[in-house]
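In our numbering, the protein residues as written are 5 to 281. Each residue gets a CB set at the ideal place from its N, CA and C atoms; glycine is no exception. Keep in mind it's a predicted model, so treat the numbers as computed, not measured.
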Ligand code: SF4
């Protein structure tokens, strides 16, 4: 049974207006696809995180609620539809993420670049945060992304390295660190952000080691939240972490060298993303 601090209720009425806009424009959000528990709160404030390149992921992480399988071809009109939706929702800070597209030659970076370009064309003051897959730490892909000058580049390590085999099959902790090291080298002025889920069976010392690794790799922002299994067939929750322990992690992460950290049970990478700037 979930503890009392995880009692957030989702009101369908709170989501209706934004859902209707997204449906009309044929856009996906990670809020809906990953069954984010903050959807009522965020959609009521007209905040949403766009999921580009379809709703089917080519990897099979056991924690994630997004559909897996053979992905569809990129939709060339999607960047413009997102840009128009940013204007309709009145967003000042937008988060763009994607499913992992290991099937594409450029790993999907072109769609990020086109989306950034389209948003800048409709409003060059909107802050753009991209939450990227690892692009297999490909230098060319990461360089193209950096050249398009997003305001924040985020990439989530999600958990401690020991749990990768079970939780993030197809990903590699060292490769994710490499993504940050490359970005730090080629775009040192763009802040780098990562995210962790707790409650998967990690030890505190392992989490502290991840803090140190991320800071060394160039990360300045961090989000830490409670893992919640999307269904009974997903990786099970090992532990519910109390709010005071999240606060202890926040303090430790700041001491490790992060500039800004959000750490609480319902924190997600894109939750209140504008507060990191
Ligand atoms: S926290 Fe992020 S993913 Fe969740 S509803 Fe809010 S914007 Fe969407």
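In whole angstroms, what is the alpha-carbon distance linking residue 9 and residue 265?
-> On the chain shown, position 5 is the one that residue 9 refers to. On the chain shown, position 261 is the one that residue 265 refers to. If I take the Cα positions, the gap works out to 20 Å.
In the DSSP assignment, find the unbroken beta strand (DSSP E) run with residue 56 in it and report its ends.
-> For this step, residue 56 is matched to residue 52 along the chain shown. Per DSSP, residue 56 belongs to the beta strand (DSSP E) from 53 to 56.
Verify the contact flag: residue 280, CB atom, against every heavy atom of the ligand SF4, threshold strictly below 7 Å.
-> Walking along the chain shown from the start, residue 280 turns up at place 276. No, the Cβ of residue 280 stays beyond 7 Å of every heavy atom of the ligand SF4.
For residue 125, count neighbouring Cβ atoms within 10 angstroms of its own Cβ and tell me buried if that reaches 16, exposed if not.
-> Within the chain shown, residue 125 is the residue found at index 121, counting from 1. Its Cβ having fewer than 16 others within 10 Å, residue 125 is exposed.
Looking at C-alpha atoms only, which residue of 260, 226, 129 and 253 is the closest neighbour of residue 357?
-> Nothing can be reported for residue 357, as the shown portion of the chain is limited to 5 through 281.
Alpha carbon of residue 134 to alpha carbon of residue 5, nearest angstrom | Working through the chain shown from its first residue, we reach residue 134 at position 130. Working through the chain shown from its first residue, we reach residue 5 at position 1. Taking the straight line joining both Cα atoms gives about 35 Å.
Would you say the beta carbon of residue 212 comes nearer than 7 Å to a heavy atom of the ligand SF4?
-> The residue labelled residue 212 in the question sits at position 208 within the chain shown. For the ligand SF4, not one heavy atom lies less than 7 Å from the Cβ of residue 212.
Which same chain residues, not among the five before or five after residue 263, have their C-beta less than 8 Å away from its C-beta?
-> The count along the chain shown starts at 1 and reaches residue 263 at position 259. Excluding sequence neighbours, residue 263 sits near 195, 224 and 225.
Where does residue 153 land, buried or exposed, given buried means 16+ other C-beta within 10 angstroms?
-> Taking the first residue of the chain shown as position 1, residue 153 is located at position 149. Exposed is the call here.
Near residue 34, which residues of its chain fall below 6 Å by C-beta distance, leaving aside the five closest residues on each side in sequence?
-> Taking the first residue of the chain shown as position 1, residue 34 is located at position 30. 53, 55 and 101, listed in sequence order.
Of the choices 280, 160 and 79, whose alpha-carbon is the least far from that of residue 138?
-> Here residue 138 is taken as the residue at index 134 of the chain shown, counted from 1. If we check each option's Cα against that of residue 138, 160 comes out closest.
Residue 66 versus residue 233: straight-line alpha-carbon distance, rounded = Looking up residue 66 in the chain shown gives position 62. Looking up residue 233 in the chain shown gives position 229. Going by the C-alpha atoms only, they are around 9 Å apart.
Give a single yes or no on whether residue 2 has its beta carbon closer than 7 Å to a heavy atom of the ligand SF4.
-> Examination of residue 2 is not possible in this model, given that the chain is present from 5 through 281 alone.
Would you check if the distance between the CB atom of residue 278 and the CB atom of residue 50 is smaller than 8 Å?
-> Taking the first residue of the chain shown as position 1, residue 278 is located at position 274. Taking the first residue of the chain shown as position 1, residue 50 is located at position 46. Their beta carbons are not under 8 Å apart, which means residue 278 does not touch residue 50 by this criterion.
Going along the chain, which residues of its own chain have a beta-carbon closer than 6 Å to the beta-carbon of residue 197, five neighbours each way excluded?
-> On the chain shown, position 193 is the one that residue 197 refers to. Same-chain partners within the cutoff: 156, 158 and 225.
What first and last residue would you give for the alpha helix (DSSP H) that runs through residue 91?
-> Indexing the chain shown from 1 puts residue 91 at position 87. Segment 82 to 93, the alpha helix (DSSP H) holding residue 91.
Which residues DSSP lists as bridging residue 228, in chain order | For this step, residue 228 is matched to residue 224 along the chain shown. Answer is 200 and 267, bridged to residue 228.
Can you give the Cα-Cα distance for residue 148 and residue 215, rounded to whole angstroms?
-> Residue numbering aside, residue 148 sits at position 144 when the chain shown is read from its first letter. Residue numbering aside, residue 215 sits at position 211 when the chain shown is read from its first letter. Their backbone Cα atoms lie some 27 Å apart in a straight line.
Hey, how far is the Cα of residue 238 from the Cα of residue 68?
-> Here residue 238 corresponds to residue number 234 of the chain shown, with the count starting at 1. Here residue 68 corresponds to residue number 64 of the chain shown, with the count starting at 1. Between residue 238 and residue 68, the C-alpha separation is close to 7 Å.
Can you list, in chain order, the residues of its chain whose CB lies under 8 Å from that of residue 205, leaving out five sequence neighbours each side?
-> Counted from its first residue, the chain shown places residue 205 at position 201. Around residue 205: 167, 242 and 243.
Looking at residue 225 and the ligand SF4, is the gap between the Cβ and the nearest heavy atom below 7 Å?
-> Taking the first residue of the chain shown as 1, we reach residue 225 at position 221. Not under cutoff, so the answer is no.
Segment limits, alpha helix (DSSP H) that includes residue 157 | Stepping through the chain shown from its first residue, residue 157 is reached at position 153. It is not in any alpha helix (DSSP H) - residue 157 instead sits in the beta strand (DSSP E) that spans 156 to 158.
Environment of residue 267 [buried if 16+ CB atoms lie within 10 Å] = Within the chain shown, numbered from 1, the residue matching residue 267 stands at position 263. Result: buried.
Do residue 269 and residue 247 have their C-beta atoms within less than 8 Å of each other?
-> By 1-based counting over the chain shown, the position of residue 269 is 265. By 1-based counting over the chain shown, the position of residue 247 is 243. In contact: residue 269 and residue 247 (Cβ atoms closer than 8 Å).
Enumerate, from N- to C-terminal direction, the unbroken beta strand (DSSP E) stretches of 3 or more residues contained entirely within the stretch 100 to 136.
-> 131 to 135
Hey, would you say the C-beta of residue 275 is under 7 Å away from at least one heavy atom of the ligand SF4?
-> The residue labelled residue 275 in the question sits at position 271 within the chain shown. Yes.
Same chain only: Cβ atoms within 6 Å of residue 91, ignoring 5 sequence neighbours per side | Here residue 91 refers to the residue found at position 87 when the chain shown is read from its first residue. Correct list, in chain order: 126.
Go through its chain and collect everything with a Cβ distance to residue 63's Cβ below 6 Å, but skip five positions before and after it.
-> Taking the first residue of the chain shown as position 1, residue 63 is located at position 59. Counting only Cβ-Cβ distances below 6 Å, and skipping sequence neighbours, we find 104 and 174.
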